[in-house]
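Student: So the protein lines, in turn, are chains Z and F. Take my numbering: the last position of the first sequence gets the number 345, and nothing is skipped along the way. Take my numbering: the last position of the second sequence gets the number 351, and nothing is skipped along the way. Heads up, the beta-carbon is just placed ideally off N, CA and C, and yes, glycines get one too. Being a predicted model, the structure only gives us computed values, none of them experimental.
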Amino acid sequence: MIIVSNLRKNFGAKRAVDDVSFSVERGEVLGFLGPNGAGKSTTMRMVTGFIPPTAGRITIGGFDVVDQPLQARRLVGYLPENAPAYTDMTVQGFLAFTAEIRGLRGPAKLAAVNRAIEMCFLENVRHQSVETLSKGYRHRTCFAQSVIHDPEVLVLDEPTDGLDPNQKHEVRSLIRRMGQTKAIIFSTHILEEVDAVCSRAIIINRGRIIANGTPAELRQRSAIAGAVTVRVAGEKAAALAQKLNALSPVKRTEVVAETAAGATVRAYPKREPVNGEFAREINAALAGSKIEELHSEEGRLDEVFRQLTMPNGPKEVLA
Amino acid sequence: MNAWYGIKTIAKRELGAYFSSPLAYIFIVIFLLLSSFFTFMVGAFFQRGEASLTRSFFDWHPWFYLFLVPAVGMRLWAEERRVGTIELLLTMPVTAWQAIVGKFLASWLFLGLALALTFPLVITVNYLGQPDNGVILCGYLGSWLMAGAYLAISCLTSALTRSQVVSFILSVVACLFFILCGFAPVVNLLSGWASPSVVDTVAAFSFITHFDGFQKGVVDSRDVIFFLSVILFALFSNSVVLRTHRAG
């Protein structure tokens, strides 16, 4: 549905987006990750046709965003950053306006407005002026606007920003549900959201894509992915580490915590472990010790994110 | 979906925005108070003893509009930029032109409504004497066209900034230029040292000069074309400003 190829955007001498390419199919939810100022919003603004790209090409459903803007825009629902809405209108009036400008009239317009209000839990504030809404409601009003015409493509710039945990949960399940039939791009800097919602994620830093894969694939790039963490009662950390270091598949160990009750140590494997064999070997080696907990690390997105986006270049990737 | 549909939808929203805030009512009341005050007190409507609105009423319009029209037009784009709704509007399936024309038309209709509400003056003058109603109608038409020219300039300055105050000031200054270049004292001053052709060229840009014909009941195509071309040029510049702003 969305094909972005070699997209570039310069603001004066500054290059905000540099050679970005990706595509999103129907049924996919693409998470856009990156630190502030990485070029997420700029990319989304180009995809929705708000700002023209310096170079590169974007097509939505086969329509070029620059050459056939109206056809392309008809397919897209857009939630801009900070969720703007006309403050002088009521929620219902605002949604009716956006439905109308999308070409819905009469009963179809009314039905669309009601559906969006129901979907985004806006019933209590239907007749309230947008100006008087709390941030969460205003956000959902703008979100409702983006789905009012049941678009095939959704572009959501930080859809959960400023919502309370319950609302965040609602919006995420909404995105996940809609992601089954639509092509969705959404940006965030909350990493748990990627796991909760995305089928694929892109990490972007200083205008460039630096990682692209499923959340599980990205986690694999974490330094601790594949390591085994073990907590043993009544043992000193140094002794435990020594015991583990002596094993042939262990590359090195790291003390995670040590208390009077026991110690937690993490062992890194020499090569990529398969089917938990590394964990089994450690379990066997520690037979006789009081193991309280033993698990393989899946890797953590936040760690991958930090590794890849640190301003002074990526840290050395261990193991 | 045709272009007119987009324009109409946007214009409807803008008109609604005027009337959902106190702005519309304040504007209309002030406009009516000012125009009555100037007509009867300063313009000496009764003392003139003429059954006409030309000097007593229409003469003031270029000066009223100088402050009132920028007040109507200042929010059109500045507010969209400040709140960020411009990003919504310009990613909807409408062209920038439809948005520009829709906003302009809504405000122009609103100004037309305010102008039409001065109708009691027409009734008064008809009650007191036998005025040439054709001349009066012509004056109204000219006044509305002139308001459109002021408004288009206000649209342009509004697109330049996200601050309504800055937009207002810029627009007043720009409109002031269009008034003063044909204002008698300024023309006299100019003719002291510039050649008559220069003076005429400068004066040809004045709203006052072009409005004068309408007041006398003459619909000169040159005056109509002048106002329409000011409107078109300002709206075109408006679209250029929007495009430049988006291109970053």
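(1) Give a yes or no on whether 9 Å exceeds the smallest Cβ distance from C224 (chain Z) to chain F.
(2) Starting from the beta carbon of L293 (chain F), find every residue of chain Z whose beta carbon is closer than 7 Å, and list them in chain order.
(3) Answer with buried or exposed for V132 (chain F), where buried requires no fewer than 16 other C-beta atoms within 10 angstroms of its C-beta.
(4) Which residues in the same chain as P95 (chain Z) place their Cβ atom closer than 6 Å to its Cβ, once the five residues preceding and following it in sequence are excluded?
(5) Counting only runs that start and end within the region 84 to 154 of chain Z, where is the alpha helix (DSSP H) found for 4 or more residues in a row?
(6) Go ahead and label R346 (chain F) buried or exposed: buried means 16 or more other beta carbons lie within 10 angstroms of its beta carbon, across all protein chains shown.
(7) Sorted by chain position, which residues of the same chain lie with C-beta nearer than 7 Å to Y121 (chain F)'s C-beta, five sequence neighbours on each side aside?
(8) Kindly say whether D45 (chain Z), judged by its beta-carbon, lies nearer than 9 Å to any beta-carbon of chain F.
(9) List, in order along the chain, the chain F residues whose C-beta lies closer than 8 Å to that of F76 (chain Z)?
(10) Quick one: using the 10 Å Cβ neighbour count with 16 as the cut-off for buried, is T19 (chain Z) buried or exposed?
(11) From the DSSP output, which residues share a beta bridge with Y11 (chain Z)?
(12) Can you pull the chain F residues whose beta carbon is under 7 Å from the beta carbon of D114 (chain Z), in chain order?
(13) Under 9 Å, Cβ to Cβ, is there at least one residue of chain Z near I113 (chain F)?
(14) Check for me: the beta strand (DSSP E) holding A209 (chain Z) runs from which residue to which?
(15) Start and end of the beta strand (DSSP E) containing K40 (chain Z)?
(16) Within 10 angstroms of its Cβ, does H195 (chain Z) collect 16 or more other Cβ (buried), or is it exposed?
(17) Does DSSP put F58 (chain Z) in a helix, a strand or coil?
(18) According to DSSP, which residues form a beta bridge with R63 (chain Z)?
(19) Does any C-beta atom of chain Z lie closer than 9 Å to the C-beta of F128 (chain F)?
(20) I'd like to check one pair, A125 (chain Z) with H175 (chain Z): are the Cβ atoms closer than 9 Å?
(21) In or out: M336 (chain Z) buried (at least 16 other Cβ within 10 Å) or exposed?
(22) According to the neighbour-count rule (16 or more other Cβ atoms, all chains shown, within 10 Å of its Cβ), is H321 (chain Z) buried or exposed?
(23) Counting contacts by CB-CB distance shorter than 9 Å, is E261 (chain Z) in contact with chain F?
(24) What is the C-beta distance between L327 (chain Z) and D221 (chain Z), in whole angstroms, given that I count them as a contact (C-beta under 8 Å)?
(25) Can you find the residues in the same chain that come closer than 6 Å, C-beta to C-beta, to F329 (chain F), ignoring five residues on each side of it along the sequence?
(26) Only counting the same chain, and skipping five residues up and downstream in sequence, which positions put a Cβ closer than 7 Å to that of L189 (chain Z)?
(27) Would you decide whether I308 (chain Z) is buried or exposed? Buried here means 16 or more other CB atoms lie within 10 Å of its CB.
(28) If I follow the unbroken alpha helix (DSSP H) through N341 (chain F), where does it start and stop?
(29) Can you tell me which of Z:I235, Z:A289 and Z:E157 puts its alpha carbon nearest to the alpha carbon of T69 (chain Z)?
(30) Identify, in the order they occur along the chain, each residue of the same chain with its Cβ nearer than 7 Å to the Cβ of F207 (chain F), setting aside the five sequence neighbours on each side.
(31) Could you confirm whether any beta carbon from chain F is found closer than 9 Å to the beta carbon of P133 (chain Z)?
Tutor: In brief:
(1) no
(2) Ordered by position in chain Z, no residue passes the 7 Å Cβ test against L293 (chain F), which lies about 42 Å from the chain.
(3) exposed
(4) G75
(5) 95 to 100, 117 to 127 and 132 to 145
(6) exposed
(7) A127 and F213
(8) no
(9) E190, L193, T194 and R349
(10) Only positions 27 to 345 of chain Z appear in this structure, which leaves residue 19 (chain Z) out of reach.
(11) Absent from the structure is residue 11 (chain Z), since the part of chain Z shown begins at 27 and ends at 345.
(12) A120, S123 and S124
(13) yes
(14) A209 to T214
(15) K40 to V50
(16) exposed
(17) strand
(18) Checking the sequence shown, residue 63 (chain Z) turns out to be Gly, not Arg. DSSP lists no partner for G63 (chain Z).
(19) First, the residue type needs correcting, since residue 128 (chain F) is Tyr and not Phe in the sequence shown. With 9 Å as the cut-off, Y128 (chain F) does not count as an interface residue toward chain Z.
(20) yes
(21) exposed
(22) exposed
(23) no
(24) 7 Å
(25) H313
(26) G162, H165 and V197
(27) buried
(28) S324 to A350
(29) Z:I235
(30) L254, A255, C258 and L338
(31) no
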